[in-house]
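First residue of the sequence shown? That's 1 in full-length UniProt numbering, and the numbers climb one at a time after it. Report on the structure given below.
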Amino acid sequence: MINKGSPWYAYAVQTRPASDGPTPPAARMEWGTYPGAGPGAEVLGRSLRGRRILELGCGQGQNAAHLVDRHQAQVTAIDLIDLQIQHARARYGEMAGLTLLACDAMRYLQRTTAVFDIVYSVFGAIGLVEPRQLLAAIARHLRPHGVLAFSVPHPRRAGAEASDGPQPRHSPLRLPDGSRPPLPRWELNGPGWCRALDQADMRTTAVTELGHPGREHPTALMITARRN
Numbered sequence: 001m002i003n004k005g006s007p008w009y010a011y012a013v014q015t016r017p018a019s020d021g022p023t024p025p026a027a028r029m030e031w032g033t034y035p036g037a038g039p040g041a042e043v044l045g046r047s048l049r050g051r052r053i054l055e056l057g058c059g060q061g062q063n064a065a066h067l068v069d070r071h072q073a074q075v076t077a078i079d080l081i082d083l084q085i086q087h088a089r090a091r092y093g094e095m096a097g098l099t100l101l102a103c104d105a106m107r108y109l110q111r112t113t114a115v116f117d118i119v120y121s122v123f124g125a126i127g128l129v130e131p132r133q134l135l136a137a138i139a140r141h142l143r144p145h146g147v148l149a150f151s152v153p154h155p156r157r158a159g160a161e162a163s164d165g166p167q168p169r170h171s172p173l174r175l176p177d178g179s180r181p182p183l184p185r186w187e188l189n190g191p192g193w194c195r196a197l198d199q200a201d202m203r204t205t206a207v208t209e210l211g212h213p214g215r216e217h218p219t220a221l222m223i224t225a226r227r228n
């Protein structure tokens with residue numbers, strides 16, 4: 001698993017839930033940094049009952065548990081940080097239909113033979129792994145016309161411009177203790193993600209900006225697509 005010097009491990013430690021025990025699933029699925037902003041689970045499809053869904057970067061499992069509890073989906077949720085998966089299992093591990101795994105996204109996609117109806121990521125693996133490689137790997141495990149949905153930090157959230165080169169930029173990860181360790185991230189704009197999806201044989205269906213009320217710049221970029 002990832003070493004304890006990683007910013008993501010520090011994030012997991014600092015966002016540990018107040019109660020490490022069974023927790024009611026969230027009433028709504030969130031895609032942005034502000035609760036209630038933007039759409040919910042409806043962007044994944046009209047009916048999710050029985051759908052096979054993969055989450056890349058589940059954190060403590062709130063969204064995955066919501067999809068299982070409220071929509072009767074079959075969800076496999078993975079996260080790079082084993083501490084996050086420990087928290088998720090403590091909270092939702094007894095839920096039938098929810099599988100929680102500590103695993104690197106690319107490694108999981110390279111090894112699994114599973115095919116999914118839907119893949120999604122909320123500030124998860126997408127944007128943290130080279131886009132062409134990760135999107136191509138996702139497409140191989142999506143059924144034809146299957147849905148991919150993801151949200152990433154908006155490249156203009158602090159007034160900066162999107163990155164358009166093959167290398168990631170180092171942007172700060174804001175931790176609850178106020179520290180801001182640098183994190184390599186591919187921060188594409190909407191057209192950039194559309195091009196990357198097209199190269200992976202997926203068709204973009206929507207690009208949505210999400211933000212906080214009153215803020216000048218949007219804070220999240222949400223993309224939905226379908227495999228051809």
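Built from N, CA and C at the ideal position, the CB exists for glycine as well. On a predicted model such as this, the values are computed, not experimentally measured, just so you know.
Supposed close pair residue i, residue j - CB separation, criterion 8 Å
i, j, result
"G36", "A125", "About 25 Å separates the two Cβ atoms, so there is no contact after all."
"H154", "L48", "About 27 Å; that fails the 8 Å criterion."
"L44", "V75", "Going by Cβ atoms, the distance from L44 to V75 rounds to 11 Å, so no, they are not a contact pair."
"L173", "R180", "7 Å"
"I138", "L175", "At roughly 28 Å, the Cβ-Cβ gap does not stay under 8 Å, so I138 and L175 are not in contact."
"S121", "E209", "17 Å between Cβ atoms; not a contact."
"A136", "M95", "Contact flag wrong, Cβ pair sits at about 31 Å."
"P184", "H170", "6 Å"
"M73", "R51", "One point to set straight first is that residue 73 is Ala, not Met, in the sequence displayed. Right, the Cβ-Cβ distance comes to about 5 Å (below 8 Å), so this counts as a contact."
"D117", "I53", "7 Å"
N- and C-terminal bounds of the alpha helix (DSSP H) containing residue i
i, result
"R51", "No alpha helix (DSSP H) holds R51; DSSP gives it neither H nor E."
"Q14", "P7 to Q14"
"H71", "Q62 to H71"
"L109", "A105 to R111"
"G190", "G190 to Q199"
"Y92", "D82 to Y92"
Start and end residues, beta strand (DSSP E) containing residue i
i, result
"R169", "R169 to P172"
"T99", "L98 to A102"
"S151", "L142 to P153"
"S121", "F116 to V122"
"V75", "Q74 to D79"
"R185", "P182 to R185"
Minimum C-alpha distance to residue i - residue among the options
i, options, result
"W186", "Q84, R215 and F123", "F123"
"V147", "P176, Y34 and A225", "A225"
"R91", "P22, R215 and G50", "P22"
"A102", "E130, I78 and S121", "I78"
"T112", "P218, I81, R140 and P182", "R140"
"M29", "Y11, R16 and D69", "D69"
"Q167", "D198, D177 and V129", "V129"
"Q84", "K4, D201, Y9 and G5", "Y9"
"residue 248", "P24, G38, R16 and P25", "Lying before the first or after the last residue shown, residue 248 is absent from the chain, which here runs from 1 to 228."
"T219", "D177, A200, R157 and R203", "R157"
"D82", "G127, S6 and R215", "S6"
"P131", "P17, D198 and L80", "D198"
DSSP three-state assignment for residue i, whether helix, strand or coil
i, result
"R203", "strand"
"L128", "coil"
"E209", "strand"
"L221", "strand"
"E30", "coil"
"E216", "coil"
"A136", "helix"
"L175", "coil"
Residue i classed as buried or exposed, judged by whether at least 16 other C-beta atoms fall within 10 angstroms
i, result
"Q62", "buried"
"S151", "buried"
"S19", "exposed"
"D201", "exposed"
"D177", "exposed"
"A206", "exposed"
"G32", "buried"
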